[in-house]
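Listed in order, the protein sequences are those of chains A and B.
FYI, my numbering numbers position 487 of the first sequence as 487, with every residue one higher than the one before it.
Each number in my numbering corresponds to the 1-based position in the second sequence with 500 added.
By construction, the Cβ of each residue, glycine as well, lies at the ideal position given by its N, Cα and C atoms.
Everything below concerns the one structure shown next.
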Amino acid sequence: MDDFLLETKGLFKVFSGVRVLSDIDLRVKRGQVLGIIGENGAGKSTLVKILTGIHAPSSGRIFIEGYEIRHMNPELAGRLGVNMIPQEFNLIGNLNVFENIFLGREYRSWGVFLDKGRMRRKTKELLDELRCAVSVDAQIQDLSVAGKQMVEIAKAVVNDCKILIMDEPTTVLTQDETDILFSLVRRLKEHGTAIVYISHKLAEVKQICDDIMVLKDGCFVSQDPASELSTHEMARRMVGRELRQMFPPKSKPGSEVVLGVDNMVIPGDVAGITFDLRKGEILGFAGLVGAGRTETAEGIYGIRRPVSGSISIGGSKVSIKSPRDAVAHGIAYLSEDRQGRGIHTGFSVSHNTTLISLKNYGKLITDRAKELEKTGFYARSFNIKSPSQTTPLKFLSGGNQQKVALAKGLDPQPRIYIFDEPTRGIDVNARGEIYVFIRRLVEDGISCILISSDLEEVIGLSNRVVVMREGRIAGILEGDQINEEDIMFLAAGVGQSLSA
Amino acid sequence: MERFGPFIALLVLFVAASLTSEYFLQVTNLLNILRQVSYTGIIALGMTFVIIAGGIDLSVGSMTALVGGLTILALNHFGPGAGAVVAGISIALLLGMAGGAVNGLIVTVGRVAPFIATLGTMAIFRSLTLWTIDAGEFRSNSELYGDFGMGLLWAVPVPVWILLVLTVLFSVLLNNTPFGRYVCAVGSNERVARYSAIRVKFIRFVCYVILGLTVGISAVLLSARMNSVSSSGTGLNFELDAIAAVIIGGTSLSGGRGSIIGTLVGAVILGIVNNMLNMWGISPYLQGTVKGAVILGAVLIQRTNRSWNE
């Protein structure tokens with residue numbers, strides 16, 4: 001038997017016709033830390049979900065300690081010693097530490113009574129071994145984020161953890177807490193645990209991992225020892241690819257400032273950002289997940305309340321306290337969460353399209369004929385495929401739902417349209433149509449903000465690109481500066497831009 | 501199928517009732533059924549908006565008693581003339597809307613779950629009614645008021661006319677106005693509604709005020725018919741009948757969609773069931789069991805239909 005604790009051969013995963021993982025071979029030895037890096041949507045999370053049995057692979061094989069596991073599921077993964085520290089913790093706030101650690105596998109005396117003494121002793125031993133300063137009797141809700149993470153790790157260890165998967169474990173930690181986590185990782189490594197470590201923070205990956213695997217668009221790019229890979233090289237490998245020719249040519253924006261945001265602060269999300277949007281401009285917003293882009297957009301749209309800063313439209317300061325105010329000031333917002341925030345899946349095509357602008361179809365009585373006529377116009381000009389205008393949206397494909405959501409924002413005739421991940425989960429054809437849609441708006445003098453984690457998209461469409469990191473603007477790129485490397489360097493905080 | 505379910509049920513029930521009882525099809529019996537269901541039926545029409553918007557109101561029965569009682573006090577204060585009746589009715593409608601506004605404010609501004617909020621006001625309204633008259637009866641001195649309550653228009657009782665007219669008006673309000681669309685949007689997905697620039701809390705609030713208005717109307721019709729209000733008995737279990745009519749009428753208890761006509765049909769179904777049980781000589785104590793079974797059946801049928809659709 002060889003030394004690999006975890007091994008996959010030729011993993012493929014296809015979601016509704018889209019290939020999200022292709023031919024992934026992964027190997028982790030006892031006591032090895034394997035880093036996996038890649039852009040948003042590179043397939044990291046899907047890979048993790050397959051390893052922990054949440055998703056079944058479309059094809060390919062998984063081996064644990066040399067034995068092939070045919071039908072992995074989360075329960076089996078747990079029994080085989082594959083444990084994951086999730087980004088959102090799975091702990092119960094009003095139970096204490098040892099109750100959480102033994103949840104579902106409590107020690108019992110006489111078969112019925114909880115053996116609290118033994119559980120408490122065992123937990124104490126465990127926390128001491130991990131050199132973790134968390135009290136056995138502390139309630140979870142009183143612990144810091146780092147403390148909760150320690151408890152999650154202890155919980156994994158008590159379950160006889162052989163393979164530990166950590167998905168972005170440090171995004172919520174301070175530097176000190178990160179150091180504690182890393183020393184814990186090193187100790188687990190000494191115990192022979194195999195660790196899969198996923199992160200956007202390239203410097204940290206280099207620091208803690210033995211080997212680094214790079215994924216891009218669901219495909220394996222490279223795997224090298226961390227010592228041989230600079231962070232710049234990592235960033236280059238994550239993004240290096242050619243732009244596809246699906247973007248319409250860029251138009252030249254005017255000089256008039258349509259929207260000005262000055263030092264907007266939303267506690268916990270946005271730490272003071274300033275930018276302006278010009279007439280007929282497409283202003284890209286790039287950054288990693290959690291950089292505060294959506295929060296910024298929601299601050300402008302009146303969903304979140306900035307505690308300081310100001311917004312001006314057409315040169316005069318405005319007060320936006322609700323989406324209603326935002327719409328009245330000519331702002332439209334396409335949410336990244338289509339089904340949860342963008343559209344009513346139970347409503348028909350026409351009812352969705354006119355929901356924001358319904359009062360334009362008769363203040364007292366809604367003019368149904370006019371409504372259907374307008375919806376029909378959008379269906380024709382955006383190529384919305386639907387059996388009828390009265391079909392509920394849940395029966396339409398993601399791409400067609402998205403076009404309805406776009407038309408919905410457009411119907412009140414906004415001057416500013418904020419797109420948040422407009423092509424997420426959408427096939428290539430509809431994607432191209434949406435790019436043309438955005439381009440047409442700009443020609444009509446509408447100014448657009450384009451938030452996207454798809455760098456190609458941001459680069460292919462934007463006149464300027466705002467790169468955000470940790471709630472701040474890391475840089476605003478123009479002209480030749482708009483390229484994948486410069487954006488990634490700013491977004492990941494790897495250091496100075498190359499071309500600067 | 502889902503949309504026509506209540507109508508089919510009504511038809512089946514109607515045929516069954518006319519086959520098993522020779523009295524059923526007599527005009528007086530049919531009008532009697534309609535008059536009997538009109539008091540809770542009118543409230544059910546208002547309740548439809550509240551339920552579509554994702555809420556519920558348990559306080560309508562107690563509110564009927566309180567509004568009816570206070571109206572009679574006002575009527576007696578104003579004297580015997582027609583002007584007093586008009587003033588009394590106006591006060592009743594305003595009081596009803598005020599009661600609905602109280603519920604609406606607790607739910608929207610106070611952010612209390614509708615079930616709990618209206619459970620609280622249900623107890624409060626009833627207790628205030630009992631306290632006002634020392635658990636006795638509010639008696640009207642106005643003969644005119646009683647005449648109005650017993651009144652007929654073209655041989656049809658006044659409450660039935662009002663039920664039918666409100667059905668038409670509310671149906672238009674729900675299906676053909678921006679407000680109606682917003683109510684569905686709020687109940688279907690509150691967050692999407694908020695992102696769609698809809699004033700979610702305001703819409704919810706207005707739904708409770710509309711329901712309060714229907715309670716006010718029902719309180720007038722009921723107190724005028726008896727020319728009195730019992731502080732302990734009037735409006736008892738009205739919330740049950742009103743909610744049942746809405747659910748039987750095909751409105752989803754989880755909100756988002758529903759039908760005013762359906763609610764009318766639901767109310768009439770409940771009326772016919774009661775009428776049949778009476779004619780068959782079944783113990784009145786068992787009627788609650790049958791009503792409960794009808795409600796549960798309606799919900800189960802809704803659920804089955806939906807799981808088929810998805």
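Asked, Found
"For E204 of chain A, does the three-state DSSP call read helix, strand or coil?", "helix"
"For the 8 angstroms Cβ check, are there 3 or more pairs between the segment 795-806 of chain B and the segment 557-565 of chain B?", "no"
"Leaving out five residues before and five after L76 of chain A in sequence, what residues of the same chain have Cβ atoms less than 8 angstroms from its Cβ?", "G53 and I69"
"For the segment 286-304 of chain A against the segment 313-328 of chain A, are there 3 or more C-beta pairs whose distance is under 8 angstroms?", "yes"
"Kindly say whether G756 of chain B, judged by its beta-carbon, lies nearer than 8 angstroms to any beta-carbon of chain A.", "yes"
"Taking the beta carbon of K317 of chain A as the centre, do at least 16 other beta carbons fall within 10 Å, making it buried, or is it exposed?", "exposed"
"Give a yes or no on whether 8 angstroms exceeds the smallest Cβ distance from V18 of chain A to chain B.", "no"
"Look at the Cβ atom of R30 of chain A, then the Cβ atom of A194 of chain A, and state whether they are nearer than 8 angstroms.", "yes"
"May I ask you to list the residues that DSSP assigns as paired with N83 of chain A?", "A:L164"
"Could one say the Cβ of T608 of chain B lies closer than 8 angstroms to chain A's Cβ atoms, at least one of them?", "no"
"Jot down the residue ranges of each uninterrupted beta strand (DSSP E) in the segment 65-139 of chain A, minimum 3 residues, whole runs only, in chain order.", "67-69 and 82-85"
"Does F102 of chain A have its Cβ less than 8 angstroms from a Cβ in chain B?", "no"
"Within 8 angstroms (strictly less), CB to CB, does G299 of chain A reach chain B?", "no"
"Leaving out five residues on either side along the sequence, give the residues of the same chain with a beta carbon under 8 angstroms from the beta carbon of M468 of chain A.", "I273, F285, A286, G287, A291, G292, R293, T296, A474 and A491"
"Can you list, in chain order, the residues of its chain with a C-beta nearer than 7 angstroms to that of E478 of chain A? Leave out the 5 residues immediately preceding and following it.", "R464"
"Only counting the same chain, and skipping five residues up and downstream in sequence, which positions put a Cβ closer than 8 angstroms to that of I85 of chain A?", "Q149, E152, I153, A156, L164, I165, M166, D167 and P169"
"Out of A:L114, A:N159, A:R108 and A:L259, which has the shortest C-alpha to C-alpha gap to L126 of chain A?", "A:N159"
"Take the Cβ of L5 of chain A as the centre, count every other Cβ of all protein chains shown within 10 Å, and call the residue buried at 16 or more, exposed below.", "buried"
"Whole alpha helix (DSSP H) runs in the segment 547-600 of chain B with 4 or more residues, listed along the chain?", "560-578"
"Please report the straight-line C-alpha distance between D367 of chain A and Y361 of chain A, rounded to a whole angstrom.", "5 angstroms"
"Leaving out the 5 sequence neighbours to the left and right, which residues in its chain are closer than 7 angstroms to G38 of chain A when beta-carbon positions are compared?", "K44, V214, L215, K216 and M238"
"Is D276 of chain A closer than 8 angstroms to S357 of chain A when the C-beta atoms are compared?", "no"
"If I follow the unbroken beta strand (DSSP E) through V729 of chain B, where does it start and stop?", "S728 to S730"
"With C-beta atoms as the reference, is S462 of chain A less than 8 angstroms away from L334 of chain A?", "no"
"Using the C-alpha atoms, what's the distance from M650 of chain B back to T644 of chain B?", "Correcting the residue identity first, residue 644 of chain B is Leu in this sequence and not Thr. Approximately 10 angstroms, taken between the alpha carbons."
"Determine, for A598 of chain B, whether the minimum Cβ-Cβ distance to residues of chain A falls below 8 angstroms.", "no"
"Kindly indicate the opening and closing residues of the beta strand (DSSP E) around V265 of chain A.", "V257 to I266"
"How about the segment 679-694 of chain B and the segment 341-349 of chain A: do they share at least three Cβ pairs that are nearer than 8 angstroms?", "yes"
"Please name the residue, chosen from A:C219, A:S251, A:K201 and A:L229, that lies closest to D210 of chain A on a Cα-to-Cα basis.", "A:L229"
"Can you tell me which residues form a DSSP beta bridge with Q339 of chain A?", "Bridge partners of Q339 of chain A: none, in fact."
"Should K252 of chain A go down as buried or exposed, given a rule of 16 or more other Cβ atoms within 10 Å for buried?", "exposed"
"In chain order, which beta strand (DSSP E) runs of at least 3 residues are fully inside the segment 627-691 of chain B?", "637-639"
"Across the segment 516-529 of chain B and the segment 587-594 of chain B, are there enough close Cβ pairs to call them in contact, namely three or more that are closer than 8 angstroms?", "no"
"Using only CA atoms, which one of B:I572, B:G579, B:G505 and B:F507 lies nearest to S730 of chain B?", "B:I572"
"Quick one: does T677 of chain B have its CB under 8 angstroms from some CB of chain A?", "yes"
"Under 8 angstroms between the Cβ atoms of R626 of chain B and A565 of chain B?", "yes"
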